[in-house]
Every structure is written in C-alpha cells, then in structure tokens.
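Just below is one structure, and these are the notes that go with it.
Right, here's the structure in full:
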C-alpha cells in the first residue's frame, strides 16, 4: 500500500513548518493522535511508501516508512512518556516544555501512531482527487498513489 499524509501548515504551534522539517531530515517521525482508531491505524507498515502534502497544496514529497509503533489507552503519563522519548523527532524545532504544553492538549486522545520516516525527497508536485475519502481526510491509504493523481500537472 501507499500512503498520503496531509499536513496542516501549523500543527503544533503557529508558524511551524512540518513539511520543511521532514524534507530537511530534522523531523523523522510523523505522529497521528486519535480519540478513536482511525486510518492509518492497522494499515501502515514498515517498507511502504508515504507521500506528503500540505493542506491546500499539491503532493510534493515522498519517503519510506522504516518502522511503526501503535499506542492504545493513552493517558497523561503515557502521552508524556511518548513526548519525552519521541517529541524531538516529531517536532524538532520545539523545546521540551512547548512539546509538553502541546501534549496537555492531547489529553482526550486514546490512540497514537508513531511513524518513522526515511529517505524523504522532494518530488515534482502533483494534485490529487480526494473524492470518496472525505474532504477533511488527513490520511489516505491507496494501492497506488497514481490512482489519486489528477491528469493536469500541478502549478508550482
């Protein structure tokens, strides 16, 4: 399977640049936090390809998934433990206290997926068709990303 991770322009704090940090190699983990088990829970595996796009922009990067960890029954202690162990790879430009502050906002989440990234490279941008996945879908699993590609090339 191939995956499309859709990133917000600002996720942890206003002004963060998650895609830029992924492309620079500073951000080596993509995390997803959920109240209920949601895609890609149970559908993402090491060795699969992951594509990235920022919300409102074309797909512009591709990498590999080197490892995946699934956490259930989250509570404040486990969230803090995850942030201590992986926070600097989830949001490398933020100090530990800023990450803890962000973590306090995750208190209602019950599930977390930690996705380790490798070999991330920029690609020629292309637009996709999300029809059938929901307009607010933040993760898409597909047999081939080409099935989502719009025929007209994206403008940079």
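Residue numbers (the numbering used here): 9 to 164. Each residue gets a CB set at the ideal place from its N, CA and C atoms; glycine is no exception.
Rounded C-alpha distance that separates residue i from residue j
| i | j | result |
| --- | --- | --- |
| residue 136 | residue 10 | 14 Å |
| residue 144 | residue 27 | 18 Å |
| residue 84 | residue 121 | 16 Å |
| residue 115 | residue 81 | 11 Å |
| residue 50 | residue 105 | 31 Å |
| residue 153 | residue 59 | 8 Å |
| residue 134 | residue 125 | 21 Å |
| residue 101 | residue 138 | 31 Å |
| residue 163 | residue 117 | At residue 163 the pLDDT is 46, less than 50, meaning the model places this residue with poor confidence and gives no usable figure here. |
| residue 40 | residue 113 | 14 Å |
| residue 15 | residue 69 | 12 Å |
| residue 130 | residue 31 | 7 Å |
Residue i, DSSP secondary structure in three states
| i | result |
| --- | --- |
| residue 39 | strand |
| residue 56 | coil |
| residue 15 | strand |
In DSSP terms, what residue i is bridged to
| i | result |
| --- | --- |
| residue 148 | 12 |
| residue 135 | Paired residue(s): none; residue 135 is not in a bridge. |
| residue 45 | Partner(s): none; residue 45 has no beta bridge. |
Minimum Cβ-Cβ distance from residue i to chain D less than 7 Å
| i | result |
| --- | --- |
| residue 105 | Reference to chain D is not applicable here, since this structure consists of a single protein chain. |
For this session: Could you name each continuous alpha helix (DSSP H) segment of 4 residues or more that falls completely within the stretch 68–131, going from the start of the chain to the end?
Result: 84–98, 104–112
Problem set entry | Any 3 or more C-beta pairs closer than 8 Å across the stretch 144–157 and the stretch 86–97 | no
Problem set entry | Cβ pair count under 8 Å reaching 3, the stretch 71–81 against the stretch 46–55 | yes
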